[in-house]
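Each step along the sequence shown adds one to the number in full-length UniProt numbering, with nothing skipped, and position 156 is 156.
Glycine residues also receive a C-beta, built at the ideal position from the N, C-alpha and C atoms.
Data block below; observations after.
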Amino acid sequence: MTKWKVYVTRPVPQPAIDMLAEHCEVEVNPEDRVLSHEELIEKVKGRDGIFCLLTDIIDAEVLDAAKGAKVFANMAVGFNNIDVQAATERGILITNTPGVLTEATADMAWALLFAVARRIVEADKYMRAGKYKAWGPLLFLGQEITGKTLGVIGAGRIGTAFARKAKGFNMRVLYNDVEPNPQFEAETGGVFVDKDTLLREADFVSLHVPLLPSTYHLIGERELKLMKKTAILINTSRGPVVDEKALVQALKEGEIWGAGLDVFENEPEMAPGLAELDNVVVCPHIASATWDTRIAMATMAARNLLAALRGELPPQCVNP
Ligand code: DGY
């Protein structure tokens, strides 16, 4: 029996490759780097299915090159890298990996919040530089977390998991989304407020929205000015949700106290000036990067891909 031809755009956890290899002829890009648009166009030709990542731009040109392919299985919950409408018009299924990275991503938002509030990275650098001479009453003073007000923008799965974890710190939770979410309120005790109220009252603001035209630059100069001077902004969603240039300015001028960022407007670049600031902690988009979660994401993507090749509707299909 001829096996389906599948292309995997970058090395991914082995259990997913093993699952695919049982039923398909699998080629994996052996290099741990993002393929150029031209390379991607060449590689998708003649495949029945493509296992892709959030770093692969799947536009109409790539979809046309993949003529005959049934599916692009994205190993990410976000799928803003894919022109879903163009795929739908061409009868190609698009899948994502929701649910399995919820807790890891929420944990990372907390890790960034703690790192910024308690100045962990600055302190670590100070120690390594041999600067620590004695305990100091004013050494690395940060922001108290317990009992403070948490502002959550985006009350979906990840926003809910993030806010639920605030219970242990006895926090008041405010949240904003396009509409109130009873499930979020039941799980977190959070109170729905408009975005400006949240920005004015929260000590920590964490973003958990997908990247959509309506969420592009959701946080810009105006919003940053509304925030407390002692506030911290956390972004583990998508970089363009924040106007990064305005953020650098706000951090420099002390409009807000600090920021923890796992995502950037033009990854892998950072806005000029960001890397020089001590009041920001930056990470290379690793919120879902635990072994458990990445294996779960990869095997979910593989299951979606195989379902589509069998002619079934994949469980996590995002085409309308
Ligand atoms: C996603 O899945 O969309 C994250 O950004 C990476 O895990």
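When DSSP labels each residue in this structure, what does residue i get in the three-state scheme?
{"i": "G239", "result": "helix"}
{"i": "E185", "result": "helix"}
{"i": "R47", "result": "coil"}
{"i": "L251", "result": "helix"}
{"i": "I158", "result": "helix"}
{"i": "V34", "result": "coil"}
{"i": "E179", "result": "coil"}
{"i": "R164", "result": "helix"}
{"i": "V8", "result": "strand"}
{"i": "L199", "result": "helix"}
{"i": "F169", "result": "helix"}
{"i": "L174", "result": "strand"}
{"i": "L218", "result": "coil"}
{"i": "L138", "result": "coil"}
{"i": "L233", "result": "strand"}
Is any non-hydrogen atom of the ligand DGY found closer than 6 angstroms to the C-beta of residue i, if you look at the structure I gave you?
{"i": "L212", "result": "no"}
{"i": "S206", "result": "no"}
{"i": "A301", "result": "no"}
{"i": "V84", "result": "no"}
{"i": "G156", "result": "no"}
{"i": "L112", "result": "no"}
{"i": "L101", "result": "yes"}
{"i": "A16", "result": "no"}
{"i": "V77", "result": "yes"}
{"i": "S36", "result": "no"}
Which first and last residues belong to the alpha helix (DSSP H) in which residue i is found?
{"i": "I295", "result": "W291 to L309"}
{"i": "A21", "result": "Q14 to A21"}
{"i": "L274", "result": "Neither: L274 is in no alpha helix (DSSP H) and is coded neither H nor E."}
{"i": "T95", "result": "That residue, T95, is in no alpha helix (DSSP H); its beta strand (DSSP E) goes L93 to T95."}
{"i": "E89", "result": "V84 to E89"}
{"i": "A60", "result": "A60 to A65"}
{"i": "V121", "result": "I120 to R128"}
Contact defined as beta carbons within less than 8 angstroms: I believe residue i pairs with residue j. What is the distance between those atoms, to the nearest angstrom?
{"i": "M300", "j": "Q316", "result": "7 angstroms"}
{"i": "N176", "j": "K148", "result": "Between K148 and N176 the Cβ distance is about 17 angstroms, and since that is not below 8 angstroms, they are no contact."}
{"i": "I50", "j": "A66", "result": "6 angstroms"}
{"i": "A259", "j": "I232", "result": "7 angstroms"}
{"i": "K165", "j": "A106", "result": "6 angstroms"}
{"i": "G92", "j": "V71", "result": "Before going further, note that residue 92 is Ile rather than Gly in the sequence given. Yes, I92 and V71 are in contact; Cβ-Cβ is about 7 angstroms, under 8 angstroms."}
{"i": "D32", "j": "R10", "result": "6 angstroms"}
{"i": "I153", "j": "H208", "result": "7 angstroms"}
{"i": "R118", "j": "G142", "result": "5 angstroms"}
{"i": "T215", "j": "A161", "result": "Contact flag wrong, Cβ pair sits at about 19 angstroms."}
{"i": "V205", "j": "L199", "result": "6 angstroms"}
Residue i lies in the beta strand (DSSP E); which residues open and close that run?
{"i": "V44", "result": "Careful: V44 lies outside any beta strand (DSSP E), inside the alpha helix (DSSP H) at H37 to V44."}
{"i": "A104", "result": "Counting along the chain, A104 falls outside any beta strand (DSSP E), though it belongs to the alpha helix (DSSP H) covering T102 to A117."}
{"i": "I153", "result": "T149 to I153"}
{"i": "E27", "result": "C24 to V28"}
{"i": "A73", "result": "V71 to N74"}
{"i": "A259", "result": "G258 to L261"}
{"i": "F204", "result": "F204 to L207"}
Strictly under 7 angstroms for the Cβ-Cβ distance: is residue i near chain C by that measure?
{"i": "L53", "result": "In the structure shown, chain C does not exist; there is a single protein chain."}
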